[in-house]
Amino acid sequence: MSKANKIIVALFGLAVLGILIAEIARPQPINWRADFTRAGKGPFGCFVMYSELPGLFSNRDIEPIGQDLYYWLTHRDTVNNSSLVVINNQTNFDPALTRALLAHVSKGNTAFVSSAYIGPTLEDTLNLRLQTGYSLIEQGIELELAYDGFSPDRFKYTKGYLRNYFELTDSTNAEVLGWLHLPEEEESDWEGDTDLDSLLTDPFGDESLDEVELSELESAPLLEAPNFLRIPFGQGTLLLHSTPYAFGNYYMLGGNEAYVAGVLSYLEDQTIYWDNNLKSGRRVVDSPLRFVLSQAPLRWAYYILIITLLLFVLVRSRRVQRIIPVVTPLENTSIAYTQTVGDLYFEQRDYADIIAKRLSYFREMLHSRFGITRQREGDEALERLAHKSGLDPEYIAQTFAFIHQVEKKKYPDNNDLIKLHELLKPFNS
Numbered sequence: 001m002s003k004a005n006k007i008i009v010a011l012f013g014l015a016v017l018g019i020l021i022a023e024i025a026r027p028q029p030i031n032w033r034a035d036f037t038r039a040g041k042g043p044f045g046c047f048v049m050y051s052e053l054p055g056l057f058s059n060r061d062i063e064p065i066g067q068d069l070y071y072w073l074t075h076r077d078t079v080n081n082s083s084l085v086v087i088n089n090q091t092n093f094d095p096a097l098t099r100a101l102l103a104h105v106s107k108g109n110t111a112f113v114s115s116a117y118i119g120p121t122l123e124d125t126l127n128l129r130l131q132t133g134y135s136l137i138e139q140g141i142e143l144e145l146a147y148d149g150f151s152p153d154r155f156k157y158t159k160g161y162l163r164n165y166f167e168l169t170d171s172t173n174a175e176v177l178g179w180l181h182l183p184e185e186e187e188s189d190w191e192g193d194t195d196l197d198s199l200l201t202d203p204f205g206d207e208s209l210d211e212v213e214l215s216e217l218e219s220a221p222l223l224e225a226p227n228f229l230r231i232p233f234g235q236g237t238l239l240l241h242s243t244p245y246a247f248g249n250y251y252m253l254g255g256n257e258a259y260v261a262g263v264l265s266y267l268e269d270q271t272i273y274w275d276n277n278l279k280s281g282r283r284v285v286d287s288p289l290r291f292v293l294s295q296a297p298l299r300w301a302y303y304i305l306i307i308t309l310l311l312f313v314l315v316r317s318r319r320v321q322r323i324i325p326v327v328t329p330l331e332n333t334s335i336a337y338t339q340t341v342g343d344l345y346f347e348q349r350d351y352a353d354i355i356a357k358r359l360s361y362f363r364e365m366l367h368s369r370f371g372i373t374r375q376r377e378g379d380e381a382l383e384r385l386a387h388k389s390g391l392d393p394e395y396i397a398q399t400f401a402f403i404h405q406v407e408k409k410k411y412p413d414n415n416d417l418i419k420l421h422e423l424l425k426p427f428n429s
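For the sequence shown, counting from 1, position 183 maps to 183 in the UniProt record's numbering; every step adds exactly one.
Put into structure tokens, the structure is as follows:
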């Protein structure tokens, strides 16, 4: 590894180490997301509550339900009655799930449902409405159980979507077990989503409000409303609760655990089944990568691995520098060979042979380039050669005259060879 690569790797290692230290040292933000799972340790998870159930119900079995609630309700094969606990911020009981739940309750079982939304099907079946109130000033609510044996009488709640209450009619067969109260300073800020027609019916199911003036209805604040109901259905009991956030870790550790114990005291002495499927915080892991990214340590390890691989590819993709050997090109020996042959002829001084070879090459060139053979070296051929080569006819005639002269010599000398060479040079240009 080169020095530059070592520096890059060292800087990257220091950067990763710094990121890890900063990530470990920084305080983790509080996750206020609605969870309600038995393993959820956030403010609105139910880890504390589920952990305390064996202490609250020491003589009962606690069983979690990991499968779909509808499947569990329709395939449960037992004659022993039980208590079902469903806690979530929104639980939509569609027609199929509503029928399965009520059929389960009618057989003598108990079902406890705490949710800020239960769906119109279950509401219509039970002749009630689960409403939500809004306030301009969010200072929380107070919850109270109808039974007077609890201390304190009211429990304060400030975090979460808390202002959910039941609107009852005269035909609602329900017993109010708990109430939702507003602090005195918020009475004038309450804005429920109940229309005026629904206000003509006492939300508590006790008395008719027909005699109340319309002007009084428009100005009168809603000071309290039921949030915990017991509804007999068939041979069993359905317990409806509208404030699921009261069961979160935030309030269980904040001094309101007595309220949870009071609410759960209405469960029958039966095996308790905890629904762990209809949860907002339920993690649906359908791939290994999704699970890795959902865990902070694994997520950071995955990111570091990807970055390391990218750096490795970038560094290794550069061509590795190495000494390139200098390859000496092949020497052109044609000139040297010609020079050697020329020197050989020069040493022998056989000018007649050299002149004969020179004239042989010259006549071959005339034949290939101009179509003139030795047998046709007459005046007409010389004129045609002058026309094709562009040379002066007199120069051509002088050249061929010298050629004929030197060919007749028996012993030509070097001067004859030089003059012949000079005369033939223009024909090659």
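Just so it is clear, CB atoms sit at the ideal spot from N, CA and C, and this is done for glycine as well.
### Task
Starting from the C-beta of Asn92, find all residues in its chain whose C-beta is less than 6 Å away, skip the five residues before and the five after it, and write them out in chain order.
Gly119
#### Entry: Collapsed DSSP secondary structure at Tyr259 in the structure displayed
helix
### Message
Quick test of your reading: Arg230 and Tyr266, contact by CB under 8 Å. State the CB separation rounded to the nearest angstrom.
### Response
7 Å
### Query
Roughly how many angstroms separate the alpha carbons of Ala356 and His421, rounded to a whole number?
12 Å
### Query
In whole angstroms, what separates the C-alpha of Pro288 from that of Tyr302?
12 Å
### Task
Could you name the residues of the same chain whose beta carbon sits closer than 8 Å to that of Glu106, not counting the 5 residues immediately before and after it, in chain order?
Checking the sequence shown, residue 106 turns out to be Ser, not Glu. So the list reads Phe233, Gly234, Gln235, Gly236, once near-sequence residues are dropped.
### Task
For the alpha helix (DSSP H) containing Ala381, list its first residue and its last residue.
379 to 389
### Query
Taking buried to mean at least 16 other C-beta atoms within 10 Å of its own C-beta, is Tyr71 buried or exposed?
exposed
### Query
Where Gly371 and Leu344 are concerned, what is the direct C-alpha to C-alpha distance, given to the nearest angstrom?
33 Å
### Message
I need the straight-line Cα distance from Tyr157 to Gly55, nearest angstrom please.
### Response
24 Å
### Query
Looking at the unbroken alpha helix (DSSP H) that takes in Gly55, where does it start and where does it end?
47 to 56
### Query
For the beta strand (DSSP E) that contains Pro232, what are its first and last residues?
224 to 233
### Task
Whole angstroms is fine: what's the gap from Glu63's alpha carbon to Arg154's?
31 Å
#### Entry: the stretch 246 to 263 contacting the stretch 20 to 29, beta-carbon criterion three pairs below 8 Å
no
### Message
If contacts are defined as beta-carbon pairs under 8 Å, then Ile403 and Leu385 qualify, I think. What distance do you get, rounded to the angstrom?
### Response
So it is not a contact: roughly 13 Å between Cβ atoms.
### Query
Helix, strand or coil: how does DSSP classify Thr243 here?
coil
### Inter-residue Cα distance where the pair is Leu128 and Leu253
33 Å
#### Entry: alpha helix (DSSP H) segment containing Ile75, residue limits
Sequence inspection shows His at residue 75; the Ile mentioned does not correspond to that position. Start and end: 69 to 75.
### Message
Quick check on the DSSP output: the alpha helix (DSSP H) that includes Ser106 runs from which residue to which?
### Response
95 to 106
### Query
Between which two residues does the alpha helix (DSSP H) containing Arg163 stretch?
That residue, Arg163, is in no alpha helix (DSSP H); it is neither H nor E in DSSP.
#### Entry: Environment of Val327 [buried if 16+ CB atoms lie within 10 Å]
exposed
### Query
Where do the N-terminal and C-terminal ends of the alpha helix (DSSP H) with Leu424 fall, by residue?
414 to 424
### Task
Within its chain, find whatever has a CB closer than 6 Å to the CB of Pro95; leave out the 5 residues flanking it on each side and keep chain order.
Thr121
### Task
Go ahead and label residue 430 buried or exposed: buried means 16 or more other beta carbons lie within 10 angstroms of its beta carbon, across all protein chains shown.
This structure cannot settle anything about residue 430, because the visible part of the chain is limited to 1 through 429.
### Task
Would you tell me roughly how many angstroms separate the C-alpha atoms of Asn89 and Ala111, rounded to the nearest one?
17 Å
### Query
What is the rounded straight-line gap between the Cα of Gly66 and the Cα of Arg99?
20 Å
### Query
Which of helix, strand or coil does DSSP assign to Phe155?
strand
### Query
Do you know whose CA, among Phe427, His367, Ala381, Tyr251, lies nearest Leu391's CA?
Phe427
### Task
My understanding is that Asn227 touches Leu278, with C-beta atoms under 8 Å, so please give their C-beta distance in whole angstroms.
The pair is not a contact, with the Cβ atoms about 20 Å apart (cut-off 8 Å).
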